[in-house]
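Counting from 184, one number per residue, gives the positions in the sequence shown under our numbering. All residues carry an ideal CB built from backbone N, CA and C; glycine is no exception. Notes follow once the structure below has been shown.
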Amino acid sequence: MTSNVDKKNKQVASSGLRKGLTSYGDKGFSLFLRKAFIKGAGYTNSALDRPVIGIINTGSAYNPCHGNMPQLIEAVKRGVMLAGGLPMDFPTISIHESFAAPTSMYLRNLMSMDTEEMLRAQPMDAVVMIGGCDKTVPAQLMGAASAGMPAIQLITGSMLTGSHRSVRVGACTDCRRYWGQFRAGEIDEIEKDEVNDQLVASVGTCSVMGTASTMACIAEALGMTVPGGASPPAVTADRIRIAEETGARAVQMAKDGLTINQVLTADAFENAMRVLLAIGGSTNGIVHLAAIAGRMGLEIDLQALDKMGNETPVLVDLKPSGDHYMENFHDAGGMTTLLRELKPLLKLDAMTVTGRTLGQEIDAAPPSFKQDVVRKLDQPIYPWGSIAVLFGNLAPGGAIIKQSAANENLMEHEGRAVVFENVQDLATRIDSEDLDVTANDILVLKNIGPKGAPGMPEAGYIPIPIKLARAGVKDIVRVSDGRMSGTAFGTIVLHVTPESAIGGPLAHVRNGDRIRLSVKSREISLLISDEELVKRAQENPIIEPTAERGYLKLFLDAVTQADKGVDFDFLRAAKMVGKTPK
Ligand code: FES
184 MTSNVDKKNK QVASSGLRKG LTSYGDKGFS LFLRKAFIKG AGYTNSALDR
234 PVIGIINTGS AYNPCHGNMP QLIEAVKRGV MLAGGLPMDF PTISIHESFA
284 APTSMYLRNL MSMDTEEMLR AQPMDAVVMI GGCDKTVPAQ LMGAASAGMP
334 AIQLITGSML TGSHRSVRVG ACTDCRRYWG QFRAGEIDEI EKDEVNDQLV
384 ASVGTCSVMG TASTMACIAE ALGMTVPGGA SPPAVTADRI RIAEETGARA
434 VQMAKDGLTI NQVLTADAFE NAMRVLLAIG GSTNGIVHLA AIAGRMGLEI
484 DLQALDKMGN ETPVLVDLKP SGDHYMENFH DAGGMTTLLR ELKPLLKLDA
534 MTVTGRTLGQ EIDAAPPSFK QDVVRKLDQP IYPWGSIAVL FGNLAPGGAI
584 IKQSAANENL MEHEGRAVVF ENVQDLATRI DSEDLDVTAN DILVLKNIGP
634 KGAPGMPEAG YIPIPIKLAR AGVKDIVRVS DGRMSGTAFG TIVLHVTPES
684 AIGGPLAHVR NGDRIRLSVK SREISLLISD EELVKRAQEN PIIEPTAERG
734 YLKLFLDAVT QADKGVDFDF LRAAKMVGKT PK
């Protein structure tokens, strides 16, 4: 029988710098060499005997959402050292929404692979992952979930809001609003340039409930951040304190062996889905949750998510579903306030990175106070969950709509399809005076799914044709197999599955077809017979996109559909073990 002392010795022998030795066929020599090299940087033996805490540095001149990275790393290091650990920061790739072509989503899986493999390759007992911009937090959670070690998420934090002619503005809901006004001729070139200076008032992530804020809230709901880790803005002292606390916590997680698989359970994902619905979160949140859950062997049950929406109203009054910005959410107590309100609906036994359950953390939180950003359960800003899941012959594998940001008058609508074959076709014709379109039509955009574009770009927010915009049309029903930014709004059906590029029914929609959207019945249907659909498929056989080499080949060969999180098939858990919610 192995004694506790033997166990402890074994643990020490495979921890810190001794972990994952480089293969030279002689372990003693591998450690000797490793220590020699690190000592070249001036480390002492006493420092090298401490628990090693990796810190993922995703700072990049191309990523202003991570512009506070140096301060965060310094604070995390301080926390690690105060708790007796040895901090080691290292880079992985960084992805910013506006600096990634063809789209950031194309690179999310690459970042997750980078994260997973560097966690496996380098010696560390726990890791602090610093991310913020939309795809970075999901990529890090996906990678860490697969690596299976103690891991804790640190969010970079939201940007501050700016002011344009005394109107408060923030990225990126207001970016879209002002751009829409410019297209409609309501503001001129000078004002467009003026507001461009004010939309992003500091470093940090978008200031509304876009994908970055959504994923920050989801990370906290999953139990992957310290309490209160989601909401402090990037440039505040609160954010720096959270960073220090995160570093210290990582050391304790290393000592306790608190691994990510103890945190990312089916219950944790259910809590995250509740929060996604209650914050009016980005539709991208569901794709990312499906990808992270897939790494843990769990399928997201879209129909169950839809049912959860019946009892989970939108409580957080933030743009684009409401009026406020992330800094107001923070002032209102952030996730602490929200989780307290959602308590009756949550799985309170879910473990968190603190070593305590979510229920224990809620009970230990400071008392509530009067505020007007997080509503009471019985006084929601929207009576149902923000996202509805649609099915029908146009989307046999499902589609979604952010009903809380849609136009009530268009949610039960039948109209004539105006079809665009791909983004190039859209760009060429959407503003043509000859485009045959009315406000009652339904715009259909094909080939922007996972394989189609590729990378499922956020082109699902199809612009209002300019001649309608000038006539004052603010919304029109839009359908695509793509995504849209969490900061966008409108009656927009997204993630149509299977996508058109692999022969989903969307591929066979023609100009003039009738389409029915009924959010009430959860339906998106192409009003043609099954026989006609089969006939069209036979007449137009689909050739799936391929590539000869490189990451594009890997992507096109391995990417899954939206319901599987657009992850690579070989990165999902080898064995699926269940569904969430259970
Ligand atoms: Fe980075 Fe919006 S562009 S969070």
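Spatial neighbours of N623 in its own chain (CB-CB distance under 6 Å, excluding positions within 5 residues in sequence) are listed in chain order as G598. Beyond the five residues adjoining it in sequence on each side, K526 comes within less than 7 Å, by CB distance, of I545 in the same chain, given in chain order. Beta-bridge analysis with DSSP links S663 to L628. Membership of T763 in the beta strand (DSSP E) is indicated by the continuous run G761 to T763. Secondary structure of D376 (DSSP, three-state): helix. In this structure, C389 has its beta carbon less than 7 Å from a heavy atom of the ligand FES. E427 and E369 have their C-alpha atoms some 47 Å from each other.
DSSP lists I238 as the beta-bridge partner residues of D272. Under the three-state reduction of DSSP output, S213 falls in the helix class. Taking the Cβ of A354 as the reference point, at least one heavy atom of the ligand FES falls within a distance shorter than 7 Å. For R653, the closest alpha carbon among the candidates W362, A455, A571 and E482 is that of W362. The nearest non-hydrogen atom of the ligand FES is 7 Å or more from the C-beta of G406. As computed with DSSP, I649 is found in no beta bridge at all.
Below 8 Å, enough C-beta pairs join the stretch 506-522 and the stretch 405-417 to call them touching: three or more. Between the ligand FES and D317, a heavy atom-to-CB distance of less than 7 Å is present. Membership of F365 in the alpha helix (DSSP H) is indicated by the continuous run T356 to R366.
Annotated three-state conformation of E595 is strand, per DSSP. When secondary structure is reduced to three states using DSSP, T227 falls in the coil class, being assigned neither helix nor strand. Looking at the backbone, the Cα of A328 and that of R693 are separated by about 42 Å.
The beta-carbon distance between I313 and L255, rounded to whole angstroms, is 6 Å. This is short enough to meet the 8 Å contact definition. Short note on G598: C-beta not closer than 7 Å to any heavy atom of the ligand FES. The straight-line gap separating the alpha-carbon atoms of H347 and G353 is approximately 10 Å. Counting only runs of 4 or more residues that sit fully inside the stretch 421-473, the alpha helix (DSSP H) segments are 443-446 and 449-461, in chain order. From the listed residues L265, T495, Q445 and P274, the smallest Cα separation to M252 is found for P274.
Beyond the five residues adjoining it in sequence on each side, A451 comes within less than 7 Å, by CB distance, of L405, G406 and A533 in the same chain, given in chain order. Between V662 and V627, the CB-CB gap stays under 8 Å.
Per DSSP, the beta bridge partners of Q336 are M312. In the structure shown, M392 adopts coil according to DSSP, grouped into three states. Residue environment analysis places E731 among the exposed positions, since fewer than 16 neighbouring C-beta atoms fall within 10 angstroms of its C-beta. S341 sits away from S277, with the two beta carbons spaced by 8 Å or more.
At a Cβ-Cβ threshold of 8 Å, S683 and N630 count as neighbours.
Between L485 and Q323, the alpha-carbon positions lie close to 23 Å from each other. Residue nearest to D713 within the set H691, G199 and Y508 is H691 (criterion: CA-CA distance). In the structure shown, P579 falls within a strand segment according to DSSP collapsed to helix, strand and coil.
Distance between K718 and P688, taken at the CA atoms: about 12 Å. Annotation for H507 indicates a beta carbon at 7 Å or more from all heavy atoms of the ligand FES.
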